[in-house]
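Undergrad: Read in order, the letters of the sequence shown correspond to residues 35 to 243 in the working numbering. Heads up, the beta-carbon is just placed ideally off N, CA and C, and yes, glycines get one too.
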Amino acid sequence: MSSLPLFSSSLASDIGLPLLTFAFLTAGTPGPNNMMLTASGARFGWRRTVPHIFGIFCGLAVMIALSGLGLAQLFIVFPACQWLLKLAGGAYLLWLSYKLWTAKAGHSALPFLDRPMRPHEAALFQGVNPKAWMMATTIISLFAVKPEQTLQVTVMAIAVFCMVGWVTGSAWTLLGQSIRHWLQDPRRERWFNRALAVLMAGCVAWFMS
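1. Could you check how far apart the C-beta atoms of I98 and I173 are, in whole angstroms? I think they sit under 8 Å.
2. Go ahead and label P181 buried or exposed: buried means 16 or more other beta carbons lie within 10 angstroms of its beta carbon, across all protein chains shown.
3. Between M151 and T188, what straight-line distance do the alpha-carbon atoms span, to the nearest angstrom?
4. Would you mind working out which of M242, S43, R221, P52 sits nearest A137, comparing C-alpha positions?
5. Mind checking S101: buried by the 16 CB within 10 Å criterion, or exposed?
6. Can you tell me whether DSSP reads V96 as helix, strand or coil?
7. In the DSSP assignment, the alpha helix (DSSP H) including F78 goes from what residue to what residue?
8. Starting from the Cα of S204, find the closest Cα among L71, T55, F56, S42 and give me that residue.
9. Ends of the alpha helix (DSSP H) at K133?
10. Where does T63 fall in DSSP's three states?
11. Just the C-alpha distance for N163 and W216, rounded to the nearest angstrom, thanks.
12. Which residues bound the alpha helix (DSSP H) around E223?
13. Excluding the 5 residues preceding and the 5 following S36 in the sequence, name in chain order all residues of the same chain whose CB lies nearer than 7 Å to its CB.
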């Protein structure tokens, strides 16, 4: 009796491009992670923000793995669990938005913006990020059509999101770094913080809808 192969080249070719597209559309568009990376890039530059970027895709990799192990199915059976996670994460992100809005120029209102975010902090931040939960749970149900495909889809998704996350995360960080000198004006810095606050709050409203 032959067993099913752990890796199917036909599945890889079938979902490779759609998976890559999904990763770029979700990881590369505005969201809490990218807003925080832009702020960190503007404050500390790309080099000092690298641990933050690394922590993001490490945290996301763990979430995708958990989804592949059955968390995505658990949310389908018990949707209230996912709603509670979204509610808690949304409340925390709205608090961050408020702190950014009220931050004084030259002084960070957020403790972890007094210094670059450490890898474990960025990884743990994914737990309260509604967009990260959406990405991690959707990708398994979207691409693993059959149960036997779950392992391969999970491994491929982790690899693709780590690669794409590095590219898009660096791009948002470099965007922040590029306006670093422009933000030396206190008035501009204040409005920059407020723009990030509005974008983050808008992301929360979108993912909670």
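TA: Taking the structure as given:
1. The C-beta separation of I98 from I173 comes to about 6 Å, placing the pair in contact by the 8 Å criterion.
2. By the neighbour-count criterion, in which 16 or more other beta carbons inside 10 Å mark a residue as buried, P181 falls on the exposed side.
3. The straight-line gap from Cα to Cα measures roughly 27 Å.
4. Among M242, S43, R221, P52, the Cα nearest to that of A137 is on R221.
5. It is buried - the Cβ of S101 has at least 16 other Cβ atoms within 10 Å.
6. DSSP, read as helix, strand or coil, puts V96 in helix.
7. Element bounds for F78: 66 to 78.
8. In terms of CA proximity to S204, L71 leads the group L71, T55, F56, S42.
9. It spans 113 to 136 - the alpha helix (DSSP H) in which K133 sits, taken as one unbroken run.
10. Looking at T63 - three-state DSSP - the assignment turns out to be coil, as it is neither helix nor strand.
11. Distance between the alpha carbons of N163 and W216: 29 Å.
12. Going by DSSP, E223 is part of the alpha helix (DSSP H) stretching over 220 to 242.
13. For S36, the pLDDT reaches just 43, beneath the cut-off of 50, and the residue's location in the model is therefore unreliable, leaving the point undetermined.
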